[in-house]
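A.B. asks: Below is one structure. I have some questions about it.
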Amino acid sequence: MFRLVAVATPRICNAQAAIRRRCISTVESGTTYENYAISIFNRLGARLERTGGAGDNGIDFRGLWTLPGQQQFYLVGQCKYYERKKIGPSVIREWEGVMSRQELDTLGIVAASSGFTPSCIQATLSSIYPIALVTIEGESLLRRCENIEDSIRGFVWNKAAEAFIGNLVVAKKHYDLCKLDHVDPAMYTLQLLWDGQPLPLNTRQ
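To convert, note that position 165 of the sequence shown is 165 in UniProt numbering; the numbers rise steadily by one, no gaps.
Quick look at the structure:
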């Protein structure tokens, strides 16, 4: 089952600007991307912290996600920042090893800047572990339209993850082209809904 979601942020944050600087190293851009992904989930009601680094056992962030109605569960996640390369199924096979060591009440998130290949999505949908794939665009989106802060472009989760986020509904909404300059008319935002209402942003940053 495919799910897509987008989050609107008030301004392009420093993390996004840092990703765009060509002079930063691969490690620095990866760390910046991790922090940016964490900030987006925290605006959706999660309370995540970065754990990436030596000895992280493949986990870049972890914490709790509380959805409306006090539905709360654990999250562990991994980030993949590439300018153009889509993530293949080998990442999911490795991530299944990480998930096999987690408690049963844990949802695994893989966030990627350039999306996922069809075979990667199929591997996720076939997995027995609760896994969601999230496309959070970085530099490529900002180069196309710098005034648009909606960076989550895709959200896919499997049947095992339904117990955690199965009540989410996604609505597709096109940009108001009357208010924006130099925008591709095919671009759109995606809004995450719960019981028919937009998922509130978590403003307690």
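Heads up, the beta-carbon is just placed ideally off N, CA and C, and yes, glycines get one too.
As the structure is a computational prediction, the values presented were derived from the model and not from experiment.
Could you check where the alpha helix (DSSP H) with glycine 97 kicks off and where it finishes?
C.D. replies: 89-99
A.B. asks: Excluding the five sequence neighbours on either side, which residues of its own chain have a C-beta within less than 7 Å of the C-beta of cysteine 23, listed in chain order?
C.D. replies: The pLDDT assigned to cysteine 23 is 48, lower than 50, so where the model puts this residue is not dependable; a value taken from the coordinates is nonetheless given after this. No residues qualify anywhere along the chain.
A.B. asks: Tell me whether arginine 204 is buried or exposed, calling it buried when 16 or more other Cβ atoms sit within 10 Å of its Cβ.
C.D. replies: For arginine 204, the predicted model reports a pLDDT of 43, less than 50, meaning its position is unreliable and no value from the coordinates is stated.
A.B. asks: My guess is that leucine 199 and leucine 44 are in contact by the Cβ rule of under 8 Å, so how many angstroms apart are they, rounded?
C.D. replies: 6 Å
A.B. asks: What residues in its chain sit with their C-beta under 8 Å from that of alanine 160, if we drop five residues either side in the sequence?
C.D. replies: Ser127, Ile128, Tyr129, Pro130, Ile131
A.B. asks: Suppose contacts are defined by Cβ-Cβ distances below 8 Å. Is isoleucine 59 in contact with valine 98 by that definition?
C.D. replies: yes
A.B. asks: With H, G and I counted as helix, E and B as strand and the rest as coil, what does DSSP make of threonine 106?
C.D. replies: Here threonine 106 sits in strand by DSSP.
A.B. asks: In angstroms, rounded to a whole number, what distance separates the CA positions of arginine 153 and tyrosine 33?
C.D. replies: 15 Å
A.B. asks: Confirm, please, whether the CB-CB distance from serine 151 to isoleucine 165 is below 8 Å.
C.D. replies: no
A.B. asks: Going by DSSP, what residue range makes up the beta strand (DSSP E) through threonine 66?
C.D. replies: 61-67
A.B. asks: Count the other CB atoms, across all protein chains shown, that sit within 10 Å of the CB of glutamine 122; report buried if there are 16 or more and exposed otherwise.
C.D. replies: exposed
A.B. asks: From tyrosine 81 to glycine 196, what does the alpha carbon distance come to, in whole angstroms?
C.D. replies: 32 Å
A.B. asks: Tell me which residues share the same chain as valine 169 and place their Cβ nearer than 6 Å to its Cβ, disregarding the 5 neighbours each side in the sequence.
C.D. replies: Leu193
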